[in-house]
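Here's the structure, in structure tokens; my notes come after.
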Amino acid sequence: MSTVHTGSEKAALRQEAKRIRAGAAELYAVAAAERATIHGMKLLSSFEKSAVVALYWPIGDELDPRFLLHNLGKAGLATALPVVTGKDEPLEFRRWGIGDPLEQGLFGTQQPPSDAPRVTPNVLIIPLLAYDADCYRLGWGGGFYDRTLAANSAVKAFGFAYGAQIIDYVPREAHDWPLQGIITEEGVVLPKILPA
Numbered sequence: 341m342s343t344v345h346t347g348s349e350k351a352a353l354r355q356e357a358k359r360i361r362a363g364a365a366e367l368y369a370v371a372a373a374e375r376a377t378i379h380g381m382k383l384l385s386s387f388e389k390s391a392v393v394a395l396y397w398p399i400g401d402e403l404d405p406r407f408l409l410h411n412l413g414k415a416g417l418a419t420a421l422p423v424v425t426g427k428d429e430p431l432e433f434r435r436w437g438i439g440d441p442l443e444q445g446l447f448g449t450q451q452p453p454s455d456a457p458r459v460t461p462n463v464l465i466i467p468l469l470a471y472d473a474d475c476y477r478l479g480w481g482g483g484f485y486d487r488t489l490a491a492n493s494a495v496k497a498f499g500f501a502y503g504a505q506i507i508d509y510v511p512r513e514a515h516d517w518p519l520q521g522i523i524t525e526e527g528v529v530l531p532k533i534l535p536a
């Protein structure tokens, strides 16, 4: 597949992926988030108790990770949320748990306030529009998570999505990073060849 058309292919896929995700969210958002949390907790129980897990605050019809965030906190793991610091910058992460304050961030995000401690996560739970069997993700196109993964190759990154968001193939560009897996309400999708 030619990389010349990859940008336009991704733009067309984003529109279709938004439609599919919205349909899944309308049908069973809470039940899916609860089931995905069960699968996520099983997966994340293999990490050290000292691990910092960064999740995201959901926007629109993204699969809601707040059940998972709450359960991770109850299990004693440190949790954090991302902060967008600039258009072409990697994400910053600040310590945050259920009940801590949030403030408005860039691009409609919610984030911990500036006085929350900065942390370096060991695990990222990432939103997406679509994913494929190789665990490549189609995001919003801002490149924030790709820059973040490039800046910290030791972090383990997992998508958090509805099972219905899988597509045959996510077009890949040089800056795209595969994830270690995708947590869904149906289980955890692992790539055929695990990323390093």
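Per the working numbering, the sequence shown starts with residue 341, numbered consecutively.
Glycine is no exception: its CB is placed at the ideal position from the N, C-alpha and C atoms.
{"Check": "Could you give the residue range of the alpha helix (DSSP H) that holds residue 491?", "Outcome": "484-491"}
{"Check": "Rounded C-beta distance between residue 417 and residue 391? I'm assuming under 8 angstroms.", "Outcome": "6 angstroms"}
{"Check": "Short check: CB of residue 376 to CB of residue 500, under 8 angstroms?", "Outcome": "yes"}
{"Check": "State buried or exposed for residue 400, treating a residue as buried only when at least 16 other CB atoms are found within 10 Å of its CB.", "Outcome": "exposed"}
{"Check": "Using 8 angstroms as the cut-off, can you tell me whether the region 380-395 makes contact with the region 460-471, which would need three or more C-beta pairs spanning the two stretches below that distance?", "Outcome": "yes"}
{"Check": "Name, in chain order, the residues that DSSP records as bridge partners for residue 496.", "Outcome": "463"}
{"Check": "Just reading off the alpha helix (DSSP H) that residue 407 is part of, what are its end residues?", "Outcome": "406-414"}
{"Check": "Could you check the C-alpha separation between residue 519 and residue 403 for me, to the nearest Å?", "Outcome": "17 angstroms"}
{"Check": "Starting from residue 433, trace the beta strand (DSSP E) in both directions and tell me its first and last residue.", "Outcome": "432-435"}
{"Check": "Check whether the region 506-514 and the region 465-477 are in contact - that is, three or more C-beta pairs closer than 8 angstroms.", "Outcome": "yes"}
{"Check": "Give me the DSSP bridge partner(s) of residue 524.", "Outcome": "527"}
{"Check": "Less than 7 angstroms between C-beta atoms, sequence neighbours within five positions excluded: which residues of the same chain meet that for residue 341?", "Outcome": "Its pLDDT being 41, under 50, residue 341 is placed unreliably by the model, and nothing is read from it."}
{"Check": "By DSSP, does residue 383 sit in helix, in strand, or in coil?", "Outcome": "helix"}
{"Check": "Using C-beta distances below 7 angstroms, list every residue in its chain close to residue 445, excluding the 5 sequence neighbours before and after it, in chain order.", "Outcome": "423, 424 and 451"}
{"Check": "Quick one: what does DSSP say residue 399 is sitting in, helix, strand or coil?", "Outcome": "coil"}
{"Check": "Starting from the Cα of residue 428, find the closest Cα among 382, 485, 352 and 435 and give me that residue.", "Outcome": "485"}
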